[in-house]
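In full-length UniProt numbering, the protein residues as written are 1 to 658.
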């Protein structure tokens, strides 16, 4: 079999503090290397922290470059043994047979193995197995897995989806049957596979060009799956701390370098004193008259503000409300100042005091890799709290945008048209999409309007490939003689059109492709060719491009698509033979969110977009079902920040997958 890529995760508080204490990890790695069929791609030590373990394993599995993840340690009944709890939520398909094998192997050595809690199963296309922390037990478990080809067989099935090498006699039949079953079982496998050149040859006469699109229409789900499968995050960069980090995604875990607060501090305004001080009259000291490092005298209190450290010897705070001014004195500037106060109560030890580490403990995980640094400020504030001067984040994509069509006019730089010109149509798409991108915090390279000329298309797209991480264009995706984008992508630039049509209105001609780019760190650059009408362009931008932008920027796969909420339909909506996105305005009401139609839904009706903040995903009309969505029906809505994206709503009463 081919070389298996393995990642080894040692889970140990002791080894995370001192790597030399990890004997099990190197022993497992050496045993795999000696076997000769394994490549140890990653090896890491983490403390017995459930969130940390889960994040590391999930990241390895999602990267797609590891076939087998082995964790070592944390599988017993100790208070800190949380590896099974960390791994189980990730498992998509359990492997109880492997668990039984591990337990049976260990029980042959010692009855104490009954206290082990192994876990095994697959996460995406990666096999995950937990081993005990003892070096001897870990080696014995691994030897049991390697014996008799058990793990080879399991990994072959996980990696290839079939046992072809182990069942050669049935190869032709089994491979075909398994391929069909696998396609049916995994929803993401419905995504269209990249195709060879299907576009028309622009050099041929019009009469020889196809009259129907050679690109099969795909569902919205398939199209989205295809996009997310083809795109991987951009490289990690180190950026200095500041508000400019907003919108980036953390590429590293952030831990507190020290306890916070680092010393005992006041949680109220008042006076620091000793808990044994009885009610009475005390001198008032301040930061100008007393050093914090000097013990607080028995006859004095120390005036303190919220968040300030306590002076040496003080162990409690009395609030201002529990004191009375007893005498005053003029300070050096002539201002009247407190000289003495009378305390009215005795305050217990620790009252109104924040103990060291009560907010955050040293080495505590405060922000996890994959966390979006939102512009609401909480994550930025946390980075400031722990004193980070710089942080590793995924680079945000730069988007190059262009419009196609000799008939278009840039209203910002109008030009005179020849008498036989095709047009005088204002380019509404490019400025609208630029506004959306800039509002999301992305840098935009404006490639302008490209005429219906093959060389102009090639040179402009090549410029975009050099300056951006994603290309966005509108128009030129249909079957007209001047629709050149698909031929340019496939024939001139060697790109792959992953899909060229989508079963949805508006936006049937939406096209997604990837173009080789040797100089780019990802090796290729994604390109979206959206429909020419503004309504269709904005709808498909939000449906397809937003997840792509998120994925490029390092968003976790499960967060690239938009979350759902419930809404109530306030206007009836007619169903169409094709699934449709109906533009709406969503408003909050006393009983929840209400969805109002923006009126006519023709893709050319730009005014229907004004004020729209949502989309109802209407399923295709069937012969036996209803022909409209009625007023008052509840629907599932994808909710997100209206400054960034649109709502997406699906009819909750429909069994049709949209």
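Don't be surprised by glycine CBs; every beta carbon is placed ideally from N, CA and C.
Because the structure is a prediction, the values reported are computed rather than measured.
Quick check: residue i and residue j, are their CB atoms within less than 8 Å of each other?
{"i": "residue 32", "j": "residue 40", "result": "yes"}
{"i": "residue 53", "j": "residue 83", "result": "yes"}
{"i": "residue 49", "j": "residue 5", "result": "no"}
{"i": "residue 12", "j": "residue 78", "result": "no"}
{"i": "residue 248", "j": "residue 394", "result": "yes"}
{"i": "residue 456", "j": "residue 489", "result": "no"}
{"i": "residue 297", "j": "residue 345", "result": "no"}
{"i": "residue 252", "j": "residue 391", "result": "yes"}
{"i": "residue 411", "j": "residue 469", "result": "no"}
{"i": "residue 511", "j": "residue 535", "result": "no"}
{"i": "residue 242", "j": "residue 274", "result": "no"}
{"i": "residue 27", "j": "residue 135", "result": "yes"}
{"i": "residue 264", "j": "residue 353", "result": "yes"}
{"i": "residue 612", "j": "residue 569", "result": "no"}
{"i": "residue 323", "j": "residue 336", "result": "no"}
{"i": "residue 372", "j": "residue 326", "result": "no"}
{"i": "residue 71", "j": "residue 9", "result": "yes"}
{"i": "residue 620", "j": "residue 560", "result": "no"}
{"i": "residue 91", "j": "residue 123", "result": "yes"}
{"i": "residue 425", "j": "residue 409", "result": "yes"}
For residue i, collect the residues of the same chain with a Cβ closer than 8 Å to its Cβ; drop the 5 residues on either side in sequence, then sort them by chain order.
{"i": "residue 403", "result": "427, 429, 430, 448, 449, 450, 473, 474 and 475"}
{"i": "residue 305", "result": "266 and 269"}
{"i": "residue 89", "result": "54"}
Can you list, in chain order, the residues of its chain with a C-beta nearer than 7 Å to that of residue i? Leave out the 5 residues immediately preceding and following it.
{"i": "residue 118", "result": "75, 99, 102, 103 and 130"}
{"i": "residue 262", "result": "356"}
{"i": "residue 432", "result": "534 and 538"}
{"i": "residue 597", "result": "571, 573, 582 and 584"}
{"i": "residue 308", "result": "265 and 266"}
{"i": "residue 15", "result": "21, 22 and 45"}
{"i": "residue 731", "result": "What is shown of the chain runs 1 to 658, which leaves residue 731 out entirely."}
So, for residue i: in the same chain, excluding its five sequence neighbours on each side, which residues have a beta-carbon less than 6 Å away from its beta-carbon?
{"i": "residue 525", "result": "465, 515 and 517"}
{"i": "residue 270", "result": "317, 318, 319 and 320"}
{"i": "residue 625", "result": "none"}
{"i": "residue 42", "result": "7"}
{"i": "residue 506", "result": "535, 536, 539 and 603"}
{"i": "residue 186", "result": "Low per-residue confidence applies at residue 186: pLDDT is 39, beneath 50, and the placement is therefore not dependable enough to give any value."}
Classify residue i as buried or exposed, calling it buried when 16 or more other Cβ atoms lie within 10 Å of its own Cβ.
{"i": "residue 573", "result": "buried"}
{"i": "residue 349", "result": "exposed"}
{"i": "residue 551", "result": "buried"}
{"i": "residue 540", "result": "buried"}
{"i": "residue 128", "result": "buried"}
{"i": "residue 34", "result": "exposed"}
{"i": "residue 285", "result": "buried"}
{"i": "residue 216", "result": "exposed"}
{"i": "residue 396", "result": "buried"}
{"i": "residue 22", "result": "buried"}
{"i": "residue 226", "result": "buried"}
{"i": "residue 156", "result": "buried"}
{"i": "residue 140", "result": "buried"}
{"i": "residue 580", "result": "buried"}
{"i": "residue 3", "result": "exposed"}
{"i": "residue 724", "result": "Nothing about residue 724 can be read from this structure; the chain reaches only from 1 to 658."}
{"i": "residue 55", "result": "buried"}
{"i": "residue 631", "result": "exposed"}
Taking the beta strand (DSSP E) that residue i falls in, what are its first and last residues?
{"i": "residue 598", "result": "Counting along the chain, residue 598 falls outside any beta strand (DSSP E), and DSSP gives it neither H nor E."}
{"i": "residue 238", "result": "236 to 240"}
{"i": "residue 448", "result": "443 to 450"}
{"i": "residue 70", "result": "68 to 72"}
Which residue marks the beginning of the alpha helix (DSSP H) containing residue i, and which one marks its end?
{"i": "residue 98", "result": "96 to 107"}
{"i": "residue 135", "result": "135 to 146"}
{"i": "residue 457", "result": "454 to 467"}
{"i": "residue 54", "result": "50 to 63"}
Per DSSP, which residues does residue i bridge with? Please list them.
{"i": "residue 282", "result": "341"}
{"i": "residue 520", "result": "Bridge partners of residue 520: none, in fact."}
{"i": "residue 40", "result": "6"}
{"i": "residue 330", "result": "336"}
{"i": "residue 587", "result": "594"}
Is there at least one non-hydrogen atom of the ligand PLP closer than 7 Å to the beta-carbon of residue i?
{"i": "residue 621", "result": "Annotation note on the ligand PLP: not contained in the displayed structure, which lists no ligands."}
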